[in-house]
Amino acid sequence: MAVDKRIDGTRLHADFAQGLFWMALSMASFISMAVGSRELASTLSIRQVLFFRALVGLGVILLVGRSLLPQIRQKKLLRRHLARNVVHFAAQYFWTIGVVLLPLASVFALEFTMPIWVAFFAWLLLREQLTGPRLLATLGGFIGVLVVVRPGYGVVDPAAGLVLLAAGGYGLSLILVKQLTKECSPGVIVVWMILIQLPLGLLGAMTDWREVSLTDVPWMLVAGVGALSAHYCQAQALKRLDASVIMPIDFLRVPMAAVVGFYAYGEGIDVWVVLGGGIILLSNFQAMRSERLRSRTHAA
Numbered sequence: 171m172a173v174d175k176r177i178d179g180t181r182l183h184a185d186f187a188q189g190l191f192w193m194a195l196s197m198a199s200f201i202s203m204a205v206g207s208r209e210l211a212s213t214l215s216i217r218q219v220l221f222f223r224a225l226v227g228l229g230v231i232l233l234v235g236r237s238l239l240p241q242i243r244q245k246k247l248l249r250r251h252l253a254r255n256v257v258h259f260a261a262q263y264f265w266t267i268g269v270v271l272l273p274l275a276s277v278f279a280l281e282f283t284m285p286i287w288v289a290f291f292a293w294l295l296l297r298e299q300l301t302g303p304r305l306l307a308t309l310g311g312f313i314g315v316l317v318v319v320r321p322g323y324g325v326v327d328p329a330a331g332l333v334l335l336a337a338g339g340y341g342l343s344l345i346l347v348k349q350l351t352k353e354c355s356p357g358v359i360v361v362w363m364i365l366i367q368l369p370l371g372l373l374g375a376m377t378d379w380r381e382v383s384l385t386d387v388p389w390m391l392v393a394g395v396g397a398l399s400a401h402y403c404q405a406q407a408l409k410r411l412d413a414s415v416i417m418p419i420d421f422l423r424v425p426m427a428a429v430v431g432f433y434a435y436g437e438g439i440d441v442w443v444v445l446g447g448g449i450i451l452l453s454n455f456q457a458m459r460s461e462r463l464r465s466r467t468h469a470a
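Just remember that my numbering sits 170 ahead of the position in the sequence shown, which is counted from 1.
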């Protein structure tokens, strides 16, 4: 029995470390997708941006993911894939409008109202435990976001409301992905995302089509590969960690986006962004420390 506990504890440690690794890749990919989408939207419509992101994703799948196609033919959990992707596509449309109209740090900060919905849906649909440390970590991260955004002082653009709607959609989508990872590989989830969202994107793009030039192609690749990588890495992380653990860690995207916005677009970084980022970091540390202690308890 003691040997079994040590093996289980070692496995928990490994899953936690791997989950952090995949989340780091996911965060970097999401920011790359945001930058690529913003650059594309300077010459193309937002509906075209969504279409070309999915089109690049299809190209990547055909190049490196053909081994997944036999699994797709089984049409396993098709209704759940459809539900997840319709919700996600709508959220993605609102989010992309925010990326174009708001500073990057504000977009990601507003998006991270999502953990409140994730924690709720994880409890409601997945029966995940809402432990004290997880609730405190999520609350601390959200307080940090409020410090960054300072509601009533700077973010009054109607696009902020669309980003909040996107956050709710992303929260539900994340929970549906968590359910799908129990029966589907991350690769299959991503392939279905491309196959469902590509025709949705095409229908939208046809209603607002603008001329495409060769200078748009590099940003299509950045946005498309970033989107595909972000969701694949996120699905990998969700296989290893509970959704309510992942979301406090994912708060780190806010200060990361602020830095990218500063260097790429000259968006100012003030003391409130630094302070809010510090609160977020402390909240993340608390969540990770709690998970490590739980792993050690299982190993003992």
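For glycine and all other residues, C-beta sits at the position ideal for the given N, C-alpha and C.
In this text the structure is predicted, and so the values were computed from the model without any measurement.
Status (buried if at least 16 other CB within 10 Å, exposed otherwise) for residue i
i	result
Pro273	buried
Lys348	buried
Glu158	A question about residue 158 goes unanswered here, because the residues of the chain that appear run from 171 up to 470.
Arg236	exposed
Val234	exposed
Arg423	buried
Arg297	exposed
Gln299	exposed
Val360	buried
Ser383	exposed
Phe431	First, the amino acid is wrong: residue 431 is Gly here, not Phe. The residue in question, Gly431, is buried, as its Cβ has 16 or more Cβ neighbours within 10 Å.
Val441	exposed
Val415	buried
Val444	exposed
Met390	buried
Short Cβ contact (8 Å threshold) for residue i with residue j
i	j	result
Leu411	Gly189	yes
Thr485	Asp386	Any answer about residue 485 is impossible in this case: the structure gives the chain only from 171 up to 470.
Ala407	Met193	yes
Leu527	Val288	The requested residue 527 does not occur in the structure, where the chain is confined to residues 171 to 470.
Gly374	Phe221	yes
Leu342	Phe291	yes
Leu280	Ala198	no
Gln404	Ser196	yes
Phe282	Gln367	no
Ile449	Val317	yes
Ala329	Leu271	yes
Nearest-angstrom Cα separation, counted from residue j out to residue i
i	j	result
Glu381	Ile216	13 Å
Thr308	Asp185	21 Å
Tyr340	Arg223	17 Å
Lys352	Lys409	8 Å
Leu335	Leu350	23 Å
Val325	Ser276	With a pLDDT of only 47 at Val325, under 50, the local geometry of the prediction cannot be trusted, and the value read off the model is given with reservation. In a straight line, the C-alpha of Val325 is about 8 Å away from that of Ser276.
Leu463	Gln456	11 Å
Met426	Ile419	12 Å
Asn255	Leu295	18 Å
Gly268	Phe421	18 Å
Gly311	His401	22 Å
Leu365	Ile231	10 Å
Thr266	Leu332	9 Å
Glu437	Phe264	21 Å
Val395	Val226	7 Å
Val219	Leu305	36 Å
Leu398	Ser460	31 Å
Lys355	Arg250	It should be noted that the sequence gives Ser, not Lys, for residue 355. Going by the C-alpha atoms only, they are around 14 Å apart.
Trp162	Leu247	Nothing can be reported for residue 162, as the shown portion of the chain is limited to 171 through 470.
Val257	Met284	14 Å
Arg320	Ile286	18 Å
Ala187	Ala393	27 Å
Thr301	Trp293	11 Å
Ala261	Ala211	17 Å
Pro388	Pro303	43 Å
Leu346	Met376	29 Å
Phe191	Ile439	27 Å
Assumed close pair residue i, residue j - CB separation to whole angstroms, cut-off 8 Å
i	j	result
Gly314	Gly446	4 Å
Ala434	Val205	6 Å
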